[in-house]
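Below: one structure, written as structure tokens.
Protein chains: 2
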Amino acid sequence: MITINYKNVLGFLKEYELDYLHDIAKYSNELLENKKGAGNDFLGWVNLPTEALKNAKEIDALGKEIRENAEVLVSVGIGGSYLGARAVIESFLNPFAQAKKGATQVIYAGHNMNGEYFKHLLDYLEGKDFYVNVISKSGTTTEPAIAFRFLKEYAEKRYGKDGAAKRIIATTDAKKGALKTLSTENKYRTFVIPDDVGGRYSVLTPVGLIPIAAAGINIEELIKGFDSMAKLTKDSDYKKNPSMLYAILRNILYNKGFATEIMVNYIPRMHYISEWWKQLYGESEGKDKKGIYPSSVDFSTDLHSLGQFIQDGRRGLFETVIRVGHEDIDLKVKKEDSDLDGLNYLDGKKLHEINKSALEATVLAHVDGGVPNIIIDIDKITPFTIGELLYFFEKACGISGYILGVNPFDQPGVEEYKKNMFAMLGKKGYEEMGKTLRARLEK
Amino acid sequence: MITINYKNVLGFLKEYELDYLHDIAKYSNELLENKKGAGNDFLGWVNLPTEALKNAKEIDALGKEIRENAEVLVSVGIGGSYLGARAVIESFLNPFAQAKKGATQVIYAGHNMNGEYFKHLLDYLEGKDFYVNVISKSGTTTEPAIAFRFLKEYAEKRYGKDGAAKRIIATTDAKKGALKTLSTENKYRTFVIPDDVGGRYSVLTPVGLIPIAAAGINIEELIKGFDSMAKLTKDSDYKKNPSMLYAILRNILYNKGFATEIMVNYIPRMHYISEWWKQLYGESEGKDKKGIYPSSVDFSTDLHSLGQFIQDGRRGLFETVIRVGHEDIDLKVKKEDSDLDGLNYLDGKKLHEINKSALEATVLAHVDGGVPNIIIDIDKITPFTIGELLYFFEKACGISGYILGVNPFDQPGVEEYKKNMFAMLGKKGYEEMGKTLRARLEK
């Protein structure tokens, strides 16, 4: 269960403000459920779990095959085809290990265009057995397409054309596009990116599930958590629907000028959950010159970095803090004879308790500094609760976007740099634009 | 050489605005050089290189000793005792390797209080030879002090008390404090954190240099780059002094309402340079309810995440882009018979060129979206240029803080959460405060 604690926001708003937005939030939630709002072509994720559970067996079997035949899976994708899988995988990864025991290490490509990164990646694959999962709706997005050219060539050199074809899995459109055509020609196994699920909402489609399964994470539990939250958030009362409550709170704060939201983690392996969240909210709400700017920190690390600013810098920030109730493995501080460092007062305390006290201490300090704090409580990090958390954020994002008055399911701004890049690189059809841009650069 | 290209800011300001701030910037630079301004007890870094070069030989020898005797160095520190070393080390690290060839892997502790992280770290050390470098002025900062209790116990179990003492290096105060006393009692080798250099300006003191040397990076070159920029930025003409120019530009933008600065990298291994920069600027300027909010992205990765927001979300953002001129290792896109992915127009182009075109394309797109772009040009990533870059940012930060009207060398806000935490955890002397806070939490 995910619950929202908003006690530390109450100093910044009146409770009736929640009621004033309640009907709008309820209406927004209904628009999502009934697929009647802006961007309603992209609402496949709202009731995805049924579909996902159908695919789960096949993907589970593929995960097993990868774990048995590959030390490394190269996951090729960018944006939603990268962040969802990474967020889930790293949430269950020992930070000093490359993979879970008996599972395949997942590494990422096609999410940057740095030559050195790619050279090092190819070197790393030498002598290791690997699979490639290339994830792209069209197959023509520049970053993953470049990466896949190199990886396809390398895989064919290592395993022959037929051998490589058995080790390349394409997650792509059901019928059309470059990657679909290439897959048919080369007999790659393909999995479908549904037409009605956008990249940033796609973690529980094959896009995210294949790398997650290869990494040895229980995808059925993940889907069940997602499903559980899908059911819960059909409720039209914000007191019972955490997605509605979160959407209402952040819109109230935004309307008061709190225009930057900082997602706060105290568990280092949840770092990429925040990265995934930044795409989800940034792409969904950051348009038409509107939207809350999404930012993130890892505490207590960054209390010694951005902490000073959050405490006392320019105001307009609010924080959303993920509080994890329990941790399995844990260590206790022990008494020492000489108490030079003055830590003996912590004798017998678990690090997790100390970490939670730091969380509570920080919430109060930041509230005193003028920073509203929303706390998201989750009991423990498990595949089920991470599934819940993902759906919670997705549903809240849709509601929040409708309250803000944007289409939370498009991303027209992402095309701007692409068009310029094609022009700069001399792509056919962009010649005139290229001239104009080069003239601007030489000015 | 580092140069600032501000062509893509000119649409947002008039050139005379630079001249209007010139005298103030010049005066601020002189305050730093003459140590007459606010926080002038902490200006040891301004002419640090002479001091740093004196220590370099001893630290180099220690680095060699560590490389010969340890697979792993655990660097224990938080804030400036963590980020500077990590920023430099990762700038030279193959992302798929744990260490440079023949060098020691540096791992980090004492920068969080997550029990699982720590348990995994101790497991990781099993069977590996290691050194510990504990970095703390006082020796009582909670996070590193807790980490060091565990590591000291573990090292003594592994190597015996005397053996451990040879493998523990303390970077701490010259004369006083818990860690200094403990080091004397246990005969640890110690290196000095100068009194006049604050954490976030300490990367070229033993704080940063010891882990950097152990990681196999040429610290003399790093110091020479730092020194070269220290000399260059004595110039009082912003046309010749990039630190002054950067400080002027960002203050002009801030005064117009551009209150969030996004540091942009296109080279993934520079990620932690941005993290270091966020501490430097966030802690220096974020006070008295003032300051530019520092944020960062890795492009092109995050063009498919925060890119939409930057292009078209709520305005008030500006970007500072690090453009690296050359890259040693590189790969070229090759023609393929079937051009399904449509990439053949890139035939023969190096990834680094494509990446730079993406950079230029993005700068123009974001400028068109209303986001001023400052470009910082550096030729290549080498220890020398990274040394230059670090000093460039430090000097600019001092100047910028003075223009803003803050003391760029204190961080009073960081104490707030600490006091609350001591109270919550029941530390002696905080009993009354503890009661009040607990009452607030239970409310």
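Listed in order, the protein sequences are those of chains A and B. Under this note's numbering, the first residue of the first sequence is numbered 1, with each subsequent residue one higher. Under this note's numbering, the first residue of the second sequence is numbered 1, with each subsequent residue one higher. Backbone N, C-alpha and C define an ideal beta-carbon position, used for all residues, glycine too.
CB contact flag (residue i, residue j, <8 Å)
| i | j | result |
| --- | --- | --- |
| Thr140 (chain B) | Gly342 (chain A) | yes |
| Val333 (chain A) | Ile146 (chain B) | yes |
| Phe92 (chain B) | Leu121 (chain A) | no |
| Ile4 (chain A) | Ile386 (chain A) | no |
| His326 (chain B) | Gly115 (chain A) | no |
| Ile262 (chain B) | Ser295 (chain B) | yes |
| Leu125 (chain A) | Val72 (chain A) | yes |
| Ile252 (chain A) | Arg323 (chain A) | no |
| Ile248 (chain B) | Ala52 (chain B) | no |
| Ser357 (chain B) | Met421 (chain A) | yes |
| Val132 (chain B) | Ala155 (chain B) | yes |
| Leu364 (chain B) | Leu317 (chain A) | no |
| Val192 (chain B) | Ala174 (chain B) | yes |
| Lys290 (chain B) | Arg86 (chain A) | no |
| Gly307 (chain A) | Gly225 (chain B) | no |
| Leu359 (chain B) | Val321 (chain B) | yes |
| Gly369 (chain A) | Glu416 (chain B) | yes |
| Met244 (chain A) | Asn29 (chain A) | yes |
| Tyr345 (chain B) | Gly426 (chain A) | yes |
| Ile292 (chain A) | Ala259 (chain A) | yes |
| Leu389 (chain A) | Ile2 (chain A) | yes |
| Thr50 (chain A) | Glu221 (chain A) | no |
| Met113 (chain A) | Ala361 (chain B) | no |
Neighbourhood of residue i by C-beta, 8 Å cutoff - its chain only, sequence neighbours within 5 removed
| i | result |
| --- | --- |
| Ile408 (chain B) | Residue identity differs from the one stated: residue 408 (chain B) is Pro in this sequence, not Ile. The residues are Ala38, Gly39, Ser284, Glu285, Cys397, Gly398, Ser400, Gly401, Tyr402. |
| Asn8 (chain B) | Val363, Leu364, Val367, Pro372, Asn373, Ile374, Ile375 |
| Lys100 (chain B) | Phe92, Leu93, Asn94, Ala215, Gly216, Ile217 |
CA-to-CA distance, residue j to residue i, given in whole angstroms
| i | j | result |
| --- | --- | --- |
| Gly160 (chain B) | Asp129 (chain B) | 13 Å |
| Val371 (chain B) | Trp277 (chain B) | 20 Å |
| Asp312 (chain B) | Asp410 (chain A) | 12 Å |
| Ile273 (chain B) | Glu90 (chain B) | 9 Å |
| Arg440 (chain B) | Arg269 (chain A) | 30 Å |
| Gly257 (chain B) | Tyr6 (chain B) | 18 Å |
| Tyr238 (chain B) | Leu21 (chain B) | 10 Å |
| Glu275 (chain A) | Asn34 (chain B) | 43 Å |
| Glu153 (chain A) | Tyr188 (chain A) | 14 Å |
| Asn186 (chain A) | Phe392 (chain A) | 39 Å |
| Lys395 (chain B) | Phe384 (chain B) | 17 Å |
| Met433 (chain B) | Asn355 (chain A) | 19 Å |
| Pro194 (chain B) | Gly44 (chain B) | 8 Å |
| Val74 (chain A) | Tyr108 (chain A) | 6 Å |
| Leu404 (chain B) | Leu18 (chain B) | 15 Å |
| Ile78 (chain B) | Thr172 (chain B) | 13 Å |
| Glu65 (chain A) | Val88 (chain A) | 20 Å |
Below-8 Å beta-carbon distance, residue i vs any chain E residue
| i | result |
| --- | --- |
| Asp312 (chain A) | Judged by its chain identifiers, the structure shown contains no chain E, and its protein chains are A and B. |
For residue i: DSSP bridge partner residues
| i | result |
| --- | --- |
| Lys350 (chain A) | A:Lys332 |
| Thr3 (chain B) | B:Asp377 |
| Ile168 (chain A) | A:Val132 |
| Thr320 (chain A) | A:Met263, A:Ile374 |
| Asp298 (chain A) | A:Asn265 |
| Tyr108 (chain B) | B:Ser75 |
| Ile417 (chain A) | Strictly speaking, residue 417 (chain A) in this sequence is Tyr, with Ile absent from that position. In DSSP, Tyr417 (chain A) forms no bridge with anything. |
| Tyr293 (chain A) | A:Thr260 |
Same chain only: Cβ atoms within 7 Å of residue i, ignoring 5 sequence neighbours per side
| i | result |
| --- | --- |
| Arg67 (chain A) | Gly102, Ala103, Thr104, Ala214, Gly216 |
| Ile59 (chain A) | Pro206, Leu209, Ile210, Ala213, Ile219 |
| Asp41 (chain A) | Asp196 |
| Lys36 (chain A) | none |
Contacts around residue i, its chain only, beta-carbon distance under 6 Å, and the 5 residues preceding and following it disregarded
| i | result |
| --- | --- |
| Ile267 (chain B) | Val324 |
| Val134 (chain A) | Val76, Phe148, Ala170 |
| Ser138 (chain A) | Gly177 |
| Arg200 (chain B) | Gly80, Gln279, Leu280, Glu283 |
| Tyr12 (chain B) | One point to set straight first is that residue 12 (chain B) is Phe, not Tyr, in the sequence displayed. So the qualifying residues of the chain are Pro372. |
Could you name each continuous beta strand (DSSP E) segment of 3 residues or more that falls completely within the segment 247–290 of chain A, going from the start of the chain to the end? 260–265, all fully within the segment 247–290 of chain A.
Minimum length 4: unbroken alpha helix (DSSP H) runs contained in the segment 345–392 of chain B: With a minimum length of 4 residues, the unbroken runs of alpha helix (DSSP H) contained wholly in the segment 345–392 of chain B fall at 351–368.
Can you list the beta strand (DSSP E) stretches of 3 or more residues lying completely in the segment 32–92 of chain A, in chain order? Assignment of beta strand (DSSP E) within the segment 32–92 of chain A, counting only whole runs of 3 or more residues, yields 72–76 in chain order.
Unbroken alpha helix (DSSP H) runs of length 4 or more, entirely within the segment 188–234 of chain B: which are they? Every alpha helix (DSSP H) of 4 residues or more that sits fully in the segment 188–234 of chain B is shown, in chain order, as 206–214, 219–232.
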